[in-house]
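Chemist: Each residue of the sequence shown is one higher than the one before, starting from 22 at the first, in this note's numbering. The beta-carbon is built from N, C-alpha and C at its ideal position, and this holds for glycine as well. Everything numeric in this text was worked out from a predicted model, so none of it was measured.
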Amino acid sequence: MSDPRLSALAARHFDLYLADSPITATQYGIVGYDDLMPDPSRAGSAQRLEHLTEVGEDLAGIDPEALEGQDRITHSMLSRLVRDESAVIDAALDEVAMSNTIIGTISGLLSTIPRVTLDTGARSRDYLARLGRIEAYLDAVLERHRQAGAEGRHQVRHGVLALIEQIDDYLAGPIEFDPLLGPNPSEVDEEAWRAEATAIVRKQVRPAIERWRTALAEEFLPAARDDDHVGICHVPGGDVGYRSAARRFTTTDLTPEEIHQIGLDAIARLREEFAEIGAKALGTADTDEVIAKLRTDPELRYERAEDILADVTTALRKAEAALPEAFGEYDLGPCDVQVIPESSAKGSTLAYYSLPALDGSRPGTHWVNTYEPHTRTRFEYEALAFHESVPGHHLQFALGQTLDDLPLFRRFGYITAFGEGWGLYTERLCDELGLYSGDLARLGMVSFDAWRACRLVVDTGMHAFGWSRGRAIEFMLANTALSEVNIANEVDRYIAWPGQALAYMIGRRHIDSLRVRAERELGAAFDLRVFHDKVLMSGSIPLETMTGIIEDWIAEAR
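1. Please give me, in chain order, every unbroken run of the alpha helix (DSSP H) with length at least 4 that falls completely inside the region 30 to 54.
2. Could you check the C-alpha separation between Ile-516 and Tyr-373 for me, to the nearest Å?
3. Answer with buried or exposed for Gly-67, where buried requires no fewer than 16 other C-beta atoms within 10 angstroms of its C-beta.
4. CB-CB under 7 Å to Glu-454, same chain, minus the five flanking residues each way: which ones, in chain order?
5. Once DSSP output is grouped into helix, strand and coil, what is the label at Arg-322?
6. What residue range is occupied by the uninterrupted alpha helix (DSSP H) comprising Thr-219?
7. Mapping DSSP to helix, strand and coil, what is Ala-406?
8. How about Asp-480 and Ala-524: do their beta carbons lie closer than 8 Å?
9. Please state the DSSP three-state secondary structure of Asp-357.
10. Given 8 Å as the limit, is there contact between the region 405 to 419 and the region 441 to 453, that is, 3 or more CB pairs closer than that?
11. Buried or exposed: Ile-94, going by 16 or more other Cβ atoms within 10 Å of its Cβ?
12. For the pair the region 364 to 384 and the region 483 to 496, tell me if three or more CB-CB distances fall below 8 Å.
13. Secondary structure at Tyr-392, three-state DSSP: helix, strand or coil?
14. For the region 127 to 146 against the region 544 to 552, are there 3 or more C-beta pairs whose distance is under 8 Å?
15. Consult DSSP for Val-137 and reduce its assignment to one of helix, strand or coil.
16. Comparing C-alpha positions only, which one of Tyr-457, Leu-456, Asn-500 and Met-466 sits nearest to Leu-477?
17. Pairing CB atoms from the region 257 to 270 with CB atoms from the region 118 to 125, are three or more of them under 8 Å?
18. Do Arg-146 and Val-209 count as a contact pair if the criterion is CB distance below 8 Å?
19. Could you check which residue in Ala-218, Val-117 and Glu-197 has the C-alpha nearest to that of His-150?
20. Suppose the cutoff is 7 Å on Cβ atoms and the five residues either side in sequence are ignored; what does the same chain contact list for Glu-106 look like?
21. Going by alpha carbons, who is nearest to Arg-223 out of Leu-202, Met-98, Ala-378 and Leu-543?
22. Could you name the residues that DSSP lists as bridge partners for Tyr-373?
23. Does the CB of Leu-202 have a neighbour CB from chain D at under 8 Å?
24. To which residues does DSSP link Thr-398 through a beta bridge?
25. Any contact of the region 301 to 312 with the region 378 to 396, i.e. 3+ C-beta pairs under 8 Å?
26. Would you kindly work out how many angstroms separate the C-alpha atoms of Asp-60 and Leu-242, rounded to a whole number?
27. Note down the Cα distance separating Gln-176 from Gly-65, rounded to an integer number of angstroms.
28. Figure out for me which residue from Phe-430, Gly-304, His-395 and Ser-365 has the closest Cα to the Cα of Glu-324.
29. By the 10 Å Cβ neighbour count, where 16 or more other Cβ atoms means buried, how is Arg-541 classified, buried or exposed?
30. Note down, in chain order, each residue of its chain lying with its Cβ closer than 8 Å to the Cβ of Glu-89, except the 5 sequence neighbours on either side.
31. Can you check whether the CB of Asp-41 is closer than 8 Å to the CB of Arg-63?
32. Taking Ile-178 as the reference, give the member of Gly-465, Tyr-148 and Met-119 with the closest Cα.
33. Can you grab the Cα-Cα spacing for the pair Asp-286 / Ala-296, in whole Å?
34. Go ahead and pull the three-state DSSP assignment for Val-177.
35. Taking contact to mean at least 3 C-beta pairs separated by less than 8 Å, is the region 555 to 570 in contact with the region 436 to 443?
36. Starting from Tyr-515, trace the alpha helix (DSSP H) in both directions and tell me its first and last residue.
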């Protein structure tokens with residue numbers, strides 16, 4: 022039986038999180054927040070920190086040794102989340118994160134807010150109310166960036182320039198095609214609704230974004246850090262902040278120095294695999310030649326966006342058919358495939374996944390970047406589809422939402438090392454299951470592995486060791502087959518989001534090591550389906566929690 026004090030505390034923690042993050046609540050399909058915007062001010066962060074402190078203090082009054090099963094996991098998770106999230110809020114790295122990437126303020130607004138289903142009159146009216154609050158939100162974020170600048174914590178020049186370009190492109194677009202006007206209302210006078218929405222965007226939102234444009238050019242650009250000083254280590258307090266971010270995103274206590282070396286070691290192994298598979302697929306075992314051919318051969322590039330979508334959808338359906346080979350029977354909803362909106366595609370990564378709504382109003386979605394298809398390579402999209410959809414994020418998170426016995430923060434919470442570690446693990450799992458169409462697609466898998474291993478090197482390189490943007494790009498060009506434009510977008514994302522990129526390979530390595538251990542200790546008793554159940558059926562969990570779950574299973578199964 023669940024401990025009532027812990028259950029109440031977990032519920033309060035999630036309620037406070039939703040109140041602080043109403044856009045996320047809307048994405049989850051949880052009602053009551055659809056008309057709100059978050060408070061991005063320093064006062065808002067202080068309130069969030071106060072909430073976490075209160076949860077931590079109450080949690081300290083519950084003895085974990087007196088708990089059992091899932092309650093013990095919940096206690097452990099809350100304890101770690103409160104500690105790590107508090108440190109990240111205190112570091113305020115987001116104050117120096119201006120960029121045109123998916124985590125940037127403008128990109129986030131234009132891609133996330135319209136991602137709604139307005140299937141009732143109330144939701145349609147709430148959307149208008151939220152649009153009306155965007156202006157104040159944008160002004161508050163801009164003021165926070167100004168406060169950071171006044172303290173000598175400056176933006177990165179390249180990020181500011183890219184954001185100016187993004188804003189110019191957005192403002193030049195016809196208002197009738199504004200992404201914020203994309204949703205279709207229900208149970209209201211549609212003509213009147215659309216007229217009101219258009220007026221809000223024209224008179225409030227776009228002028229606020231124009232104010233950003235002016236401030237970027239006149240205030241932030243002159244003081245911005247150049248490409249040789251992109252790392253957060255060049256910002257006051259950045260060293261401590263980066264270590265906090267690394268702990269939060271990896272859910273480990275690995276140091277930047279240790280993570281950097283893990284990445285270098287992984288790259289050395291992957292270069293050998295490039296040569297091995299390259300000999301079969303491309304007729305050369307020279308790693309540099311393999312990488313160069315993958316990147317530059319025009320025959321390996323797409324011509325049409327429709328072909329990218331077709332390949333992604335084919336890989337998804339193939340994986341869905343193979344699920345019974347490695348997984349139990351799960352009641353999953355469909356995974357949709359959509360194109361990343363043009364307003365944010367230029368600065369976006371190759372793809373990402375968005376959760377299904379709790380009420381079923383919106384499916385889980387694999388968003389694919391088809392911008393300038395002639396720059397996109399054919400060998401990448403199978404591994405990408407497996408990672409973002411099935412058996413990767415869609416299986417993982419759609420399944421998590423069905424775990425009704427768990428606290429809501431565990432069903433909906435996102436722990437990057439678990440989420441992205443699993444996604445990367447499934448890219449290799451699909452190779453075991455024979456799902457790749459051939460050795461060329463398998464080279465794409467290796468390149469993606471190298472991409473995530475490079476992240477360990479370049480993220481720590483820039484933010485802990487002072488690498489330049491150019492050095493990070495050159496390292497990835499030498500060790501992955503990603504196109505130069507993708508690499509540049511990736512590096513800019515790492516600059517704007519210190520520590521997040523570490524979670525992928527650190528999480529995957531942890532899952533791999535637990536599987537190897539279970540196979541070794543259980544021998545013939547090892548069951549891959551059960552192993553996957555144990556990893557997935559406790560929701561989004563820190564890596565140390567995953568270790569305890571697998572250790573308990575090994576002890577029981579012997």
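Modeler: Quick look at the numbers:
1. 43 to 49
2. As a working note, residue 516 is residue 495 in the sequence shown. As a working note, residue 373 is residue 352 in the sequence shown. When rounded, the distance between both Cα atoms is 18 Å.
3. In the sequence shown, residue 67 corresponds to position 46, counting from 1. Checking the sequence, you will find Ala at residue 67 rather than Gly. Per the 10 Å Cβ criterion, exposed.
4. For the purposes of this step, residue 454 is taken as the residue at position 433 of the sequence shown. First, the amino acid is wrong: residue 454 is Leu here, not Glu. Hits under 7 Å: Ala-343, Glu-346 and Ala-347.
5. For the purposes of this step, residue 322 is taken as residue 301 along the sequence shown, with counting starting at 1. DSSP places Arg-322 in strand when its eight states are reduced to three.
6. By 1-based counting over the sequence shown, the position of residue 219 is 198. Residues 211 to 221.
7. The residue given as residue 406 occupies position 385 in the sequence shown. The answer is helix: DSSP assigns Ala-406 an H, G or I state.
8. Translated into positions along the sequence shown, residue 480 becomes position 459. Translated into positions along the sequence shown, residue 524 becomes position 503. Going by C-beta atoms, Asp-480 is not nearer than 8 Å to Ala-524.
9. Numbered from 1 along the sequence shown, position 336 holds the residue referred to as residue 357. Of the three classes helix, strand and coil, the one that applies to Asp-357 here is strand, per DSSP.
10. With a cut-off of 8 Å on Cβ pairs, the region 405 to 419 is in contact with the region 441 to 453, counting three or more such pairs.
11. Within the sequence shown, numbered from 1, the residue matching residue 94 stands at position 73. Per the 10 Å Cβ criterion, buried.
12. With contact defined as three or more Cβ pairs closer than 8 Å, the region 364 to 384 and the region 483 to 496 are not in contact.
13. Sequence index remark: in the sequence shown, residue 392 carries index 371 (1-based). Tyr-392 falls in the coil class under three-state DSSP.
14. no
15. For the purposes of this step, residue 137 is taken as the residue at position 116 of the sequence shown. Correct three-state label for Val-137: coil.
16. Within the sequence shown, residue 477 is the residue found at index 456, counting from 1. Comparing Cα-Cα distances from Leu-477 to each of Tyr-457, Leu-456, Asn-500 and Met-466, the minimum goes to Asn-500.
17. no
18. Position 188 of the sequence shown, counted from the start, is the residue given in the question as residue 209. Position 125 of the sequence shown, counted from the start, is the residue given in the question as residue 146. Yes, the Cβ-Cβ distance between Val-209 and Arg-146 is below 8 Å.
19. As a first step, residue 150 is located in the sequence shown; it is residue number 129 there, counting from the start. The residue asked about is misnamed: residue 150 is Ala in this sequence, not His. Out of Ala-218, Val-117 and Glu-197, Ala-218 has the C-alpha closest to the C-alpha of Ala-150.
20. As a first step, residue 106 is located in the sequence shown; it is residue number 85 there, counting from the start. Cβ within range, chain order: Leu-73 and Arg-269.
21. In the sequence shown, counting from the first residue as 1, residue 223 sits at position 202. Closest by alpha carbon: Leu-202.
22. Counted from its first residue, the sequence shown places residue 373 at position 352. In the DSSP output, where bridge partners are listed per residue, Tyr-373 has Trp-388.
23. Checking the listed chains, one finds no chain D in this structure; it contains a single protein chain.
24. In the sequence shown, counting from the first residue as 1, residue 398 sits at position 377. The partner list for Thr-398 (beta bridge, DSSP) reads Arg-322.
25. no
26. Position 39 of the sequence shown, counted from the first residue, corresponds to residue 60. Position 221 of the sequence shown, counted from the first residue, corresponds to residue 242. Using only the alpha carbons, I get a separation of about 25 Å.
27. Here residue 176 refers to the residue found at position 155 when the sequence shown is read from its first residue. Here residue 65 refers to the residue found at position 44 when the sequence shown is read from its first residue. Gln-176 and Gly-65: Cα-Cα distance of roughly 21 Å.
28. What you label residue 324 is simply residue 303 of the sequence shown in a count that begins at 1. Among Phe-430, Gly-304, His-395 and Ser-365, the Cα nearest to that of Glu-324 belongs to His-395.
29. For the purposes of this step, residue 541 is taken as the residue at position 520 of the sequence shown. Around the beta-carbon of Arg-541, fewer than 16 other beta-carbon atoms lie within 10 Å, marking it exposed.
30. Looking up residue 89 in the sequence shown gives position 68. Around Glu-89: no qualifying Cβ.
31. The residue given as residue 63 occupies position 42 in the sequence shown. The residue given as residue 41 occupies position 20 in the sequence shown. No, the pair does not count as a contact, with Cβ atoms beyond the cut-off.
32. Working through the sequence shown from its first residue, we reach residue 178 at position 157. In the sequence under discussion, the amino acid at residue 178 is Arg, which differs from the Ile named in the question. Comparing Cα positions, the closest option is Met-119.
33. Translated into the one-based positions of the sequence shown, residue 286 becomes position 265. Translated into the one-based positions of the sequence shown, residue 296 becomes position 275. Approximately 16 Å between the Cα atoms of the pair.
34. Numbered from its first residue, the sequence shown carries residue 177 at position 156. It is a strand residue.
35. Because the criterion of three Cβ pairs below 8 Å is met, the region 555 to 570 and the region 436 to 443 touch.
36. Translated into positions along the sequence shown, residue 515 becomes position 494. Tyr-515 -> alpha helix (DSSP H) spans 505 to 517.
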